[in-house]
Amino acid sequence: MNKPVAMITGAGRGIGRSISHRLAEMGYSLILAARSLEQLEQTAHECREHGASTLSYKVDVAEEKQVLRLFEKAEEKYSRLDVLVNNAGIGVFKPLVNTQLHEWNNVLAVNLTGAFLCSREAFKVMQKKAGGTIINISSVVGIKGYPEQGAYTASKHGLNGLTKVIAEEGRAHNIKAHVICPGGVDTELVKKSRPHLEQAGLIQPDNVADLVEYLLKLPPQVTVDLVHLRRFASSSF
């Protein structure tokens, strides 16, 4: 199969679905991963309308055995991986003093450990196949800090740090690493965490997909480390 192959976690809805659509339009074959198989199948159906080959796989990225099985299935079908988009994410939004340890652990397990596991396995494939690209979808809270978002903020700061390590270790293997930090995207997670934001001013998931497309079209001698995509109404830097 000559088409490039991309894996997207959290592909069932929101940003992940928009990125999946865009990569389908760009000619990629897709490995779509998320917790909800029903949502995945909807995304896959829409991507196939763009002519993309798809593999849908229900997975909890925080569980190592499930991630390993995901990559086994991907290898069986496509025998290559050119792009990984770590997009799966959850959040708990409450003051630190009210945050339970299991809530903290769950958020870091999905947002950070899940990205580590998928990146580790993707790296193994890419270094054998002469390179690839890993794009991590972080958040503005990976740069700043917001009240009542302790676990989420810690996980995204960690994801930004993980991206830096992937970039350094990947250079020798022609593996690029990018991190996108959007703030205030029109998703269920943002509606839950920041309900006061005006709907009209929110970033759209397709805006994040625009950045993914841009990063993947960069010439090989050029890279971008971190992109902070913010609402125009929000404070800069």
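Every position in the sequence shown, counted from 1, becomes a number in my numbering once 1188 is added.
A virtual CB, placed ideally from N, CA and C, is assigned to each residue, including glycine.
Quick caveat, the model's predicted, so the values are computed rather than measured.
- The continuous alpha helix (DSSP H) containing residue 1233 extends over residues 1225-1236.
- Contact fails between the stretch 1205-1218 and the stretch 1375-1383, because fewer than three Cβ pairs, one in each stretch, are under 8 Å apart.
- In the three-state DSSP reduction, residue 1205 falls in the helix class (H, G or I).
- Separation of residue 1228 and residue 1199 (C-alpha to C-alpha, rounded to the nearest whole angstrom) is 6 Å.
- If you look at residue 1402, you'll find it in the alpha helix (DSSP H) that goes 1393-1404.
- Contact between residue 1304 and residue 1350 holds: their C-beta atoms lie close to 6 Å from each other, under 8 Å.
- Judged by DSSP in its simplified three-state form, residue 1265 adopts helix.
- Bounds of the alpha helix (DSSP H) holding residue 1290 are 1289-1296.
- Only residues of its own chain outside the window of five on either side were considered, and among them 1322, 1354, 1357, 1358, 1361 and 1363 have a CB closer than 8 Å to the CB of residue 1311, listed in chain order.
- Taking a C-beta distance under 8 Å as the contact criterion, residue 1373 and residue 1203 qualify as a contact pair.
- Your pair residue 1235 and residue 1218 checks out as a contact, with CB atoms roughly 6 Å apart and the cut at 8 Å.
- Note on geometry: alpha-carbon atoms of residue 1191 and residue 1251 lie some 29 Å from one another.
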